[in-house]
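This report concerns only the one structure given below.
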Amino acid sequence: MIIEPPWSAEEHDRALDRLASRENFPVAARVLPARHRAALRAVYGFARLVDDIGDEAPPEQRPKLLGLVDDDLDRVFAGRTPALPQLRRLAETVHAHRIPEEPFRDLVQANRQDQTVHRYETFADLKEYCALSAAPVGRIVLCLFRAHTPRLAAASDDVCTALQIVEHCQDAGQDYRVGRIYLPGEDLRRFGCAEDDLARPVTPTRLRGVLALQAGRARELLDGGAAPLLADLTGWARIAVAGYVAGGRAALSALERGRYDVLAHALRPRRATLPAGWARALGRRGR
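Taking the working numbering, the leading residue of the sequence shown gets 236, the next gets one more, and so forth.
Laid out in structure tokens, this is it:
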């Protein structure tokens, strides 16, 4: 039996607009030319589809639905017509920009992992997960701008990992409510936290220490990755990546400003501050 995803193309596009408005960084910045916006939206649409399946679909259907996505990726890279509208839009972008298959497969695998792995013992373990769930998006973006090199791919991995860690901090309570913890277990124990601290209405001081530690690690990764990217990239690629970096820095500032009380408050960047942060990032040429 073929299971169809429970979203129409129109519903998914509307969801993309709502989700993009809540992201830490502009996903398809309005300042970019239409050709780049369309490509970024196609990639983002694929990523959201896979994440929605992994998070929102009935749990018993998720493996089959992810299998449908994998089947459609087979069609995309074999030059055949995919069944799902999101994959049909993606196919045009993949072929126009000669994007390799691996990062898309990794995003699917990350969501398969989410169905069976709900805890991470060390920060190194968490980074390995981010290599599947976050880093592929940055590598795809580099391909979209014809800027993929080993040096820039490694730097992009660090930036994307940082952005994912920040999101894990922001969403720690929400993740816990669906049975997942993306804060390293050894850090929780080191600060004397119990898992049910994540269910409290206000973030305990000890848990804030764990969150501050992760945020510090994220900042180090973000700044370290941003330096070569902003030094080497030019044109629209640099403008887009500067937006991602600015969004990450703004999210980290929001966490710090809210004293890491992510359980009582939604600690998100003030959107009015993003243009200034974007301009500052563009003004830096790295080290």
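Glycine included, C-beta positions come from ideal geometry on N, C-alpha and C. The structure displayed is predicted, hence computed values, not measured ones.
* Asked: Hey, is His332 close to the ligand SAM, as in C-beta under 7 Å from one of its heavy atoms?
  -> Absence of the ligand SAM from the depicted structure is noted, as is the absence of any ligand whatsoever, leaving it without description.
* To do: Alpha carbon to alpha carbon, how far is Ala462 from Arg257? Give it in angstroms, no decimals.
  => Position 22 of the sequence shown, counting from 1, holds the residue named residue 257. Position 227 of the sequence shown, counting from 1, holds the residue named residue 462. At Arg257 the pLDDT is 46, less than 50, meaning the model places this residue with poor confidence and gives no usable figure here.
* Asked: Looking at C-alpha atoms only, which residue of Leu308, Arg324, Val352 and Arg347 is the closest neighbour of Glu337?
  -> Taking the sequence shown and counting its residues from 1, one reaches residue 337 at position 102. It is Leu308.
* For Phe339, does the three-state DSSP call read helix, strand or coil? -> For the purposes of this step, residue 339 is taken as the residue at position 104 of the sequence shown. If DSSP states are grouped into helix, strand and coil, Phe339 belongs with the helices.
* To do: With DSSP collapsed to three states, give me the class of Asp393.
  => What you label residue 393 is simply residue 158 of the sequence shown in a count that begins at 1. Correct three-state label for Asp393: helix.
* Segment contact flag, the segment 487 to 494 with the segment 394 to 408, C-beta cutoff 8 Å, min 3 pairs -> yes
* To do: Pick out whichever of Ala486, Ala501, Tyr495 and Gly478 has its Cα sitting closest to the Cα of Val266.
  => Sequence index remark: in the sequence shown, residue 266 carries index 31 (1-based). When only C-alpha atoms are compared, the closest one is Gly478.
* To do: Have a look at Thr384 and Thr440 and give me their C-alpha separation to the nearest angstrom.
  => Position 149 of the sequence shown holds residue 384. Position 205 of the sequence shown holds residue 440. Going by the C-alpha atoms only, they are around 42 Å apart.
* Asked: If you drop the 5 nearest sequence neighbours on each side, which residues of the same chain put their C-beta closer than 6 Å to that of Phe260?
  -> Reading the sequence shown from its first residue, position 25 is the one you call residue 260. Its pLDDT being 49, under 50, Phe260 is placed unreliably by the model, and nothing is read from it.
* Unbroken alpha helix (DSSP H) run spanning Glu295, endpoints -> Translated into positions along the sequence shown, residue 295 becomes position 60. Element bounds for Glu295: n/a, residue is neither H nor E.
* Burial state of Leu502, where buried means 16 or more other Cβ atoms lie within 10 Å -> Indexing the sequence shown from 1 puts residue 502 at position 267. Leu502 comes out buried.
* Can you check whether the CB of Gly460 is closer than 8 Å to the CB of Asp410? -> Counting from 1 along the sequence shown, the entry for residue 410 is found at position 175. Counting from 1 along the sequence shown, the entry for residue 460 is found at position 225. Cβ distance not < 8 Å, so Asp410 and Gly460 don't count as in contact.
* To do: Could you work out which residue in Thr438, Leu377, Val376 and Gln350 is closest to Tyr364 when comparing CA atoms only?
  => The residue labelled residue 364 in the question sits at position 129 within the sequence shown. Ranking the options by Cα distance to Tyr364, first place goes to Gln350.
* **CA-to-CA distance, Pro371 to Pro335, given in whole angstroms** => Here the question's residue 335 lines up with position 100 in the sequence shown. Here the question's residue 371 lines up with position 136 in the sequence shown. Going by the C-alpha atoms only, they are around 10 Å apart.
* Report yes if the CB atom of Leu379 is closer than 8 Å to the CB atom of Leu275, and no otherwise. => Here residue 379 corresponds to residue number 144 of the sequence shown, with the count starting at 1. Here residue 275 corresponds to residue number 40 of the sequence shown, with the count starting at 1. Yes, these two residues count as a Cβ contact at 8 Å.
* Apply the 10 Å Cβ neighbour rule to Val262 and answer buried if 16 or more other Cβ atoms are within range, or exposed otherwise. => Position 27 of the sequence shown, counted from the first residue, corresponds to residue 262. For Val262, the predicted structure reports a pLDDT of 47, less than 50, and the residue's modelled location is therefore unreliable. The matter cannot be settled from this model.
* Asked: Roughly how many angstroms lie between the CA atoms of Ala313 and Glu327, to the nearest whole one?
  -> Here residue 313 corresponds to residue number 78 of the sequence shown, with the count starting at 1. Here residue 327 corresponds to residue number 92 of the sequence shown, with the count starting at 1. Between Ala313 and Glu327, the C-alpha separation is close to 13 Å.
* DSSP on Ile416, reduced to helix/strand/coil? -> To locate residue 416, count along the sequence shown from 1; it is residue 181. DSSP places Ile416 in coil when its eight states are reduced to three.
* Asked: Quick one: Cα of Glu295 to Cα of Ala388, how far?
  -> To locate residue 295, count along the sequence shown from 1; it is residue 60. To locate residue 388, count along the sequence shown from 1; it is residue 153. Approximately 35 Å, taken between the alpha carbons.
* Kindly indicate the opening and closing residues of the alpha helix (DSSP H) around Leu457. => On the sequence shown, position 222 is the one that residue 457 refers to. Element bounds for Leu457: Thr440 to Asp467.
* Span of the alpha helix (DSSP H), counted from its first residue to its last, around Glu363 -> Within the sequence shown, numbered from 1, the residue matching residue 363 stands at position 128. Its alpha helix (DSSP H) spans residues Phe358 to Ser368.
* Cut-off 6 Å between Cβ atoms - residues of its own chain near His332, not counting five sequence neighbours on either side -> Along the sequence shown, read from residue 1 onward, the residue named residue 332 stands at position 97. These residues qualify, in order along the chain: Cys378 and Leu379.
* Asked: Helix, strand or coil for Gln344 per DSSP?
  -> Sequence index remark: in the sequence shown, residue 344 carries index 109 (1-based). Helix.
* Asked: Could you give the residue range of the alpha helix (DSSP H) that holds Arg503?
  -> Walking along the sequence shown from the start, residue 503 turns up at place 268. First-last for Arg503: undefined, no H or E at that position.
* Asked: Can you tell me the Cα-Cα spacing of Met236 and Lys299, whole angstroms?
  -> On the sequence shown, position 1 is the one that residue 236 refers to. On the sequence shown, position 64 is the one that residue 299 refers to. Residue confidence is low: Met236 scores 31 on pLDDT, short of 50, so the model does not pin down where it sits. Its coordinate-derived value is still stated next. Approximately 10 Å between the Cα atoms of the pair.
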